[in-house]
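Here the structure is laid out as structure tokens; the discussion comes afterwards.
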Amino acid sequence: MLDIRLVRSEPELVRDGLRRRGHGEEALDELLSLDIARRKVIAEVEELKRRRNEVSMEIARIHKAKGDASSLIAEMREEGEKISALDKEQSAMDERQRVLLLNIPNIPQKDLPVGKSDKDNVEERKIGTVRTFDFEPKAHWDIGTKLDILDFERAGKITGARFVIYKGLGARLERALITYMLELHVDKHGYKEVFPPFIVNRDSMVGTGQLPKFAEDMFKLEGLDYFLVPTAEVPVTNMYRGEILDEAALPISHCAYTACFRAEAGAAGRDTRGLIRQHEFDKVELVKFTKPEESYLELEKLTSDAEDVLKGLGLPYRVVTLCTGDIGFSSAKTYDIEVWMPSYGRYVEISSCSNFESYQARRMDIKYRPQNGKAEHVHTLNGSGTAVGRCLAAVLENFQNEDGSVTVPEVLRKYMGGTEKIS
RNA sequence: GGAGAGAUGGCUGAGUGGUCAAAAGCGCUCGCCUCGAAAGCGAGUGAGCCGUUACCGGCUCCGUGAGUUCGAAUCUCACUCUCUCCGCCA
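Going by the working numbering, the first sequence opens with residue 57, and the numbers climb by one from there.
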């Protein structure tokens, strides 16, 4: 969430951020008027409490001297009622302020391209050569079904639409990709691997910004206030919720494999075939905690680390900077990495790398203590490193052969018992 | 699932109704000492909020939330989490 002091001192900066996003300003207006009223109540109740504290000391002194303080006690009984009435008023205002702040998105970084949708995103670089096929390339769902390594039909039977069973070398390929990605980030890029719970509580979902606004996108467990993780970002970023981190330990870099669960509400009819939009998919995630002044440098590194996954596999991709209208709710700046998908005839998102600045850290209250300074909020970042299902789809499509077989990328063979070709 | 113990500042850990933001130790910062360092000695060192914003004044916070009281770290109730033992179990 935003710092209420920033909202108070520079409301136009916040308003400008909302406008660039194309976001409504009602919450900001309410927040500004509430802030004034709330501070008035605080001043009032604190004055009464100051007086009560004074008198309580006086009563203690009188009792110690074996005197009679009954008139003071009677007086304070009445004061106490006023105080608790004002306390109630204040906590209602506190709660309202919290709700408003939780529902105002982050301010986009000032240099972001202004725009309404993904059409206004800006391409940064294009890496690798898109293959020209001398036959008609097939879509990954056809390739995978024909090779009997993907089974959408039986997954529909045991669960429902938007689920899949990986079989034989398909399962092996999924596992190889996960291992390849984790080992790359741990051994080459210096991330520390964690394996977090796939179920988290409400505070964690609020901490990273999935709640309260996006509840309909999440799977909630019945009868419990627990949720299936939509991304490893949630458990991993929340590891340090409420903590003050050691400055010397920063930046902290974690990578994690988890399954990810998304209700995909509102996505009916989109990407209904294949692995692109599933309710459950695997992902290797990168998460960083940094000092404020280092976060944008770390965003470049994190994005480059994710790109290395695709470079190693030999998949063509491009990197785009998301415009103000397309970045996520909590993000200040986001790069998307898009892999070339022959069946779509275009690049498809496979990773999203974001700097949240202090927006999540303030929600989660994650700080560090600078040398000789007061504790302040860290910056948090994360990015997919990368989405495994989409990566597998890209491998099948980009490395397919005319006879329906698929050539396994060199870097994956050691995880697949030396298999060079799936046929 | 059953029984018990516990949750206090960056860390360890005292504190069972008022003079407690809270002993002591560790850590950290500064100073003395030293050629320098260590040790030793001395001083300082929690967070949030409100007002002023130079200094400072005030309020709140001892797992979370309610309650009792003129007054709660301390008493009552509920909840969460951690640890120990028993049971069950991959």
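Where is the CB? At the ideal position from N, CA and C, for every residue including glycine. From a predicted model like this one, the values you see are computed outputs, not experimental measurements.
| Check | Outcome |
| --- | --- |
| Pair within 7 Å by beta-carbon distance, residue 393 and residue 383 | no |
| Where residue 69 falls, given that 16 or more other Cβ within 10 Å makes a residue buried | exposed |
| Assigned secondary structure, residue 454 (DSSP; H/G/I helix, E/B strand, else coil) | helix |
| Contact set for residue 225: own chain, Cβ-Cβ below 8 Å, skip 5 residues either direction | 203, 205, 472, 475 and 478 |
| Residue 397 - DSSP class collapsed to helix/strand/coil | strand |
| Sufficient close CB pairs (3 or more, under 8 Å) joining the stretch 229 to 244 to the stretch 265 to 277 | no |
| Short Cβ contact (7 Å threshold) for residue 76 with residue 220 | no |
| C-alpha distance - residue 109 paired with residue 256, whole-angstrom precision | 42 Å |
| CA-to-CA distance, residue 107 to residue 441, given in whole angstroms | 58 Å |
| Status (buried if at least 16 other CB within 10 Å, exposed otherwise) for residue 178 | exposed |
| Backbone CA spacing between residue 323 and residue 286 [nearest angstrom] | 15 Å |
| Close beta carbons around residue 351, own chain, < 7 Å, minus the five adjacent residues each side | 411, 413, 435 and 437 |
| DSSP three-state assignment for residue 443, whether helix, strand or coil | strand |
| Cβ-Cβ separation, residue 342 to residue 315 (assumed contact under 8 Å), whole Å | Wrong, their Cβ atoms sit about 17 Å apart, outside the cutoff. |
| Closest Cα partner of residue 408 within the set 213, 338, 175 and 378 | 378 |
| Nearest residue (CA-CA) to residue 448, options 139, 330 and 117 | 330 |
| Which residues DSSP lists as bridging residue 409, in chain order | 391 and 439 |
| Backbone CA spacing between residue 213 and residue 198 [nearest angstrom] | 19 Å |
| Where the alpha helix (DSSP H) containing residue 198 begins and where it ends | 196 to 202 |
| Nearest candidate by alpha-carbon position, reference residue 420, set 244, 130, 295 and 276 | 295 |
| Span of the beta strand (DSSP E), counted from its first residue to its last, around residue 283 | 282 to 284 |
| Beta-carbon spacing of residue 172, residue 80 below 7 Å | no |
| Residue 145 - DSSP class collapsed to helix/strand/coil | helix |
| Entirely enclosed alpha helix (DSSP H) segments - the stretch 109 to 165, minimum 4 residues | 126 to 158 |
| Nearest-angstrom Cα separation, counted from residue 356 out to residue 149 | 40 Å |
| Nearest to residue 167 (by Cα), restricted to the options 369, 251 and 389 | 389 |
| 8 Å CB neighbourhood of residue 58 in its chain, flanking five on each side removed | 70, 157, 160, 162, 163, 415 and 418 |
| Residue 353 versus residue 279: straight-line alpha-carbon distance, rounded | 43 Å |
| Short Cβ contact (7 Å threshold) for residue 443 with residue 371 | no |
| Other residues of its chain near residue 300: CB distance less than 7 Å, five sequence neighbours each side excluded | 423, 424, 425 and 431 |
| Counted within 10 angstroms of its Cβ, other Cβ atoms place residue 210 as buried (16 or more) or exposed | exposed |
| Residue 313, enclosing alpha helix (DSSP H) - first and last residue | Per DSSP, residue 313 belongs to no alpha helix (DSSP H); it is in the beta strand (DSSP E), 308 to 317. |
| Any beta strand (DSSP E) of 3 or more consecutive residues that is wholly inside the stretch 331 to 382 | 336 to 346 and 373 to 377 |
| Continuous beta strand (DSSP E) assignments of at least 3 residues falling wholly in the stretch 250 to 278 | 255 to 257 |
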